[in-house]
């Protein structure tokens, strides 16, 4: 993995006056090391970078984590292995990931590490992860391409009489055949009145004529996620169906045309929310406009009315306004975009035409 990531983390440790940090979060571990195994700890100090894991990964870990020393954990008392390195390096103030370590594990750490002072840290690596480098953006474009191709495929598959679960399965199989590691999350296929559920996971409901079908899905490729939503219509839409769709599309396009580095998450959210409010549907858009995406499908920062964090260049965000009307249906349109100094670069290119299937 790029040495620059280690350097940036060390600079942060210096700012916080920490002798080192113990990384326990699996996504942060992968980001820092490139190691894809299911277990392990990472210790970064001013001079050392160590990946601790167990016997299963003694061959894999050194290959993937080229800039890290691999140390095999003791099977009986694994934390003793880490403690010996803390003693060897003279670590007195050790940061830990407060959002990943529960009280039970913190107690074990404090008991095992003795005189080492444990200092809680808040999202140090997550903040580094927020701004993607060129290698990450290339992978994320591939993940987005798989999702785009899957949408082009599924619009020729959907028809009345299929269940939501059958549609979700077809999406999953197609994305796997296109090279996806897996789906980014449980696929949302929500038809008819269920399309008004923002997170309507695919059910046994049968798709019928004259209703919305909302599809929210994504692919993981080389560890990185894509996340796309499109809403189509089976049958002949009414004027109200068309109206709702066009309002959501207008809201999304206004956000895409105005997002850029330097705006806050709150300002970004308002670009879409104000459009929806203008048409009288403010109460039917009850979630934030979007979120960062990368190794995890939901990352820092967010686009929401409560988000005051500054959006920066090379962050990748979802932009996903929606309108959800109980007993009628709902529409959401979502793209993944790279923030630039002057605007955005869209990673997802699936059609946003109001597609009708007859």
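Residue numbers (the working numbering): 285 to 642.
No residue lacks a Cβ here, since even glycine has one placed at the ideal position from N, Cα and C.
Any idea which residues DSSP pairs residue i with across the strands?
i, result
"residue 485", "472"
"residue 629", "622"
"residue 497", "475 and 516"
"residue 377", "401"
"residue 466", "504"
"residue 613", "609"
"residue 391", "Residue 391 is not bridged to any residue."
"residue 586", "575"
"residue 640", "517"
"residue 595", "Answer by DSSP bridge pairing: none, since residue 595 is not bridged."
"residue 490", "447"
Contact defined as beta carbons within less than 8 Å: I believe residue i pairs with residue j. What is the distance between those atoms, to the nearest angstrom?
i, j, result
"residue 476", "residue 430", "Not really, about 28 Å apart at Cβ, beyond 8 Å."
"residue 617", "residue 636", "6 Å"
"residue 459", "residue 447", "That pair is no contact at about 19 Å."
"residue 432", "residue 633", "5 Å"
"residue 515", "residue 526", "Not really, about 12 Å apart at Cβ, beyond 8 Å."
"residue 472", "residue 455", "Incorrect: roughly 10 Å between the Cβ atoms, too far for contact."
"residue 587", "residue 611", "That pair is no contact at about 28 Å."
"residue 605", "residue 560", "6 Å"
"residue 427", "residue 509", "6 Å"
"residue 469", "residue 581", "5 Å"
"residue 353", "residue 333", "7 Å"
"residue 486", "residue 451", "7 Å"
"residue 556", "residue 541", "Their Cβ separation, rounded to whole angstroms, is 11 Å, which puts residue 556 and residue 541 out of contact at 8 Å."
"residue 488", "residue 449", "6 Å"
"residue 348", "residue 320", "6 Å"
"residue 318", "residue 379", "Residue 318 to residue 379, Cβ: 21 Å. No contact."
"residue 413", "residue 573", "Not quite, the Cβ-Cβ distance comes to about 20 Å (not below 8 Å), so this is no contact."
Assuming residue i is part of the alpha helix (DSSP H), what are its boundary residues?
i, result
"residue 512", "From DSSP, residue 512 is part of no alpha helix (DSSP H) but of the beta strand (DSSP E) over 512-518."
"residue 711", "The structure shown does not extend to residue 711, since the chain is modelled only from 285 to 642, so the question has no answer here."
"residue 559", "549-562"
"residue 540", "523-542"
Between which two residues does the beta strand (DSSP E) harbouring residue i extend?
i, result
"residue 575", "574-576"
"residue 602", "600-603"
Drop a sphere of 10 angstroms on the beta-carbon of residue i, count the other beta-carbons inside from all chains shown, and report buried for 16 or more, exposed for fewer.
i, result
"residue 302", "buried"
"residue 570", "exposed"
"residue 564", "exposed"
"residue 602", "buried"
"residue 361", "exposed"
"residue 457", "exposed"
"residue 375", "buried"
"residue 395", "exposed"
"residue 312", "buried"
"residue 322", "exposed"
"residue 583", "buried"
"residue 405", "buried"
"residue 513", "buried"
"residue 479", "buried"
"residue 599", "buried"
"residue 536", "buried"
"residue 575", "buried"
"residue 577", "buried"
"residue 340", "exposed"
"residue 288", "exposed"
"residue 445", "exposed"
"residue 389", "exposed"
* Residue ranges of each alpha helix (DSSP H) run of no fewer than 4 residues wholly in the region 297-370, ordered along the chain? -> 310-317 and 344-348
* Let me know the beta strand (DSSP E) ranges lying completely inside the region 401-437, each 3 residues or longer, listed in chain order. => 401-405
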